[in-house]
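Residue numbers (the numbering used here), protein chains in the order written: chain P, 146 to 249; chain V, 184 to 343.
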Amino acid sequence: MTPTLQSFLIVSAALFSIGLLAALSRRHAIFVLIGIELMLAAANLNFIAFWRFGPQQEAPVGVLIALFSIAISAAEAAVGLALVIAVYRHYRTTNVDQLDQLKG
Amino acid sequence: MNSAAFVLISILMLGAALAAATLRKLMHAALCFALTFAGLAMFFLLLGAEFVGLALVFIYIGAVAVLIVFTILLTRRDAVKERRFSWVGAVIAVAAFGTLAWSILRTESVSVVAHRVPPLTVGRIGEALMTGYVWPLQCTGVLLTAALIGALVLVMEEKQ
Chain P
146 MTPTLQSFLI
156 VSAALFSIGL
166 LAALSRRHAI
176 FVLIGIELML
186 AAANLNFIAF
196 WRFGPQQEAP
206 VGVLIALFSI
216 AISAAEAAVG
226 LALVIAVYRH
236 YRTTNVDQLD
246 QLKG
Chain V
184 MNSAAFVLIS
194 ILMLGAALAA
204 ATLRKLMHAA
214 LCFALTFAGL
224 AMFFLLLGAE
234 FVGLALVFIY
244 IGAVAVLIVF
254 TILLTRRDAV
264 KERRFSWVGA
274 VIAVAAFGTL
284 AWSILRTESV
294 SVVAHRVPPL
304 TVGRIGEALM
314 TGYVWPLQCT
324 GVLLTAALIG
334 ALVLVMEEKQ
């Protein structure tokens with residue numbers, strides 16, 4: 146029995162949910178970023194799986210989209226971590242619950 | 184495609200992801216994050232997208248994980264003051280997984296087995312990037328430059 150597209154999609158959904166859990170339940174800003182990265186990784190896995198199981202075309206579209214998505218999420222991680230450092234310099238904390246100065 | 188490899192890699196990857204999401208110590212979580220991406224790269228190799236798998240290893244394990252470790256070390260003084268486990272987040276995550284899994288299992292068109300495909304060479308990817316996808320490629324380059332400059336400006340020391 147070989148794995149079908151369905152099993153890859155289930156694994157990807159599980160990875161997405163774990164990322165959602167990390168982004169929602171942790172208070173540390175770096176953990177929230179890790180959760181977002183995990184969710185993006187699940188999307189990449191979906192792209193590659195659909196490319197592999199779908200009809201083949203001249204250009205490997207799924208692979209190209211996964212490459213662009215990896216580049217964009219790397220840029221997002223760099224800016225996000227820079228933001229964490231900048232916030233830490235100003236407020237001396239990385240706990241997202243304490244960053245409530247804009248709260249009305 | 185090997186079924187045993189699929190099961191082993193998914194257990195490794197999901198276990199590492201769960202550890203990254205729930206471990207108390209930040210550094211352990213960051214290392215588990217790197218392990219998750221190693222598992223994901225193995226998945227990509229299994230699916231025949233070798234170039235993306237290697238790019239993932241270089242970018243995520245080589246760059247993003249190191250960046251996260253550096254950020255943890257730079258913001259160290261803030262000791263872990265995690266609240267107790269948030270049940271709301273867990274419930275939402277389980278509900279999201281349940282919905283996704285239900286809809287995937289209900290869709291019959293996705294239960295297909297992979298057919299044989301021609302091997303994906305780097306030449307084919309490069310050709311596609313340089314012909315039909317050159318506009319998105321240039322936009323990505325601009326985006327990466329902007330992100331680089333933005334990250335530098337954000338962390339620059341302010342002159343007193």
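Glycine included, C-beta positions come from ideal geometry on N, C-alpha and C. This one's a predicted model, so the numbers in the text were calculated from it and none came from an experiment.
Buried or exposed by the 16-neighbour rule on C-beta atoms within 10 Å, applied to residue i
| i | result |
| --- | --- |
| P/S162 | buried |
| V/M339 | exposed |
| P/V208 | buried |
| V/T304 | exposed |
| V/E341 | exposed |
| P/I179 | buried |
| P/H173 | buried |
| P/L247 | exposed |
Min CB distance residue i to chain V below 7 Å
| i | result |
| --- | --- |
| P/V241 | no |
| P/I91 | Beyond the ends of chain P as shown, which are 146 and 249, falls residue 91 of chain P; an answer cannot be given. |
| P/A159 | yes |
| P/L185 | no |
| P/Q151 | yes |
| P/N162 | The amino acid at residue 162 of chain P is misidentified as Asn; the sequence shows Ser. Yes, because at least one Cβ of chain V sits closer than 7 Å to the Cβ of P/S162. |
| P/L209 | yes |
| P/S170 | yes |
| P/Y236 | no |
Under the three-state DSSP convention, the category residue i falls into
| i | result |
| --- | --- |
| P/N191 | helix |
| V/V190 | helix |
| V/V295 | coil |
| V/T348 | No information on residue 348 of chain V is available, as it lies outside the stretch 184 to 343 that chain V covers here. |
| V/T314 | coil |
| P/T149 | strand |
| V/P319 | helix |
| P/E182 | helix |
| V/A232 | coil |
| V/S286 | helix |
| V/M339 | coil |
| V/T258 | coil |
| V/S269 | coil |
| P/R160 | In the sequence on display, residue 160 of chain P carries Leu and not Arg. If DSSP states are grouped into helix, strand and coil, P/L160 belongs with the helices. |
| V/R207 | coil |
| V/L326 | helix |
| P/L247 | coil |
| P/G264 | Nothing in the structure corresponds to residue 264 of chain P, since chain P is present only between 146 and 249. |
Extent of the continuous alpha helix (DSSP H) to which residue i belongs
| i | result |
| --- | --- |
| P/V232 | V206 to Y236 |
| V/F241 | Per DSSP, V/F241 belongs to no alpha helix (DSSP H) and is neither H nor E. |
Closer than 7 Å to chain P by CB, residue i
| i | result |
| --- | --- |
| V/A330 | yes |
| V/F227 | yes |
| V/V325 | no |
| V/G333 | yes |
| V/I287 | yes |
| V/F216 | yes |
| V/V296 | yes |
| V/L283 | yes |
| V/T254 | yes |
Strand pairing of residue i, partner residues [DSSP]
| i | result |
| --- | --- |
| P/N240 | P/H173 |
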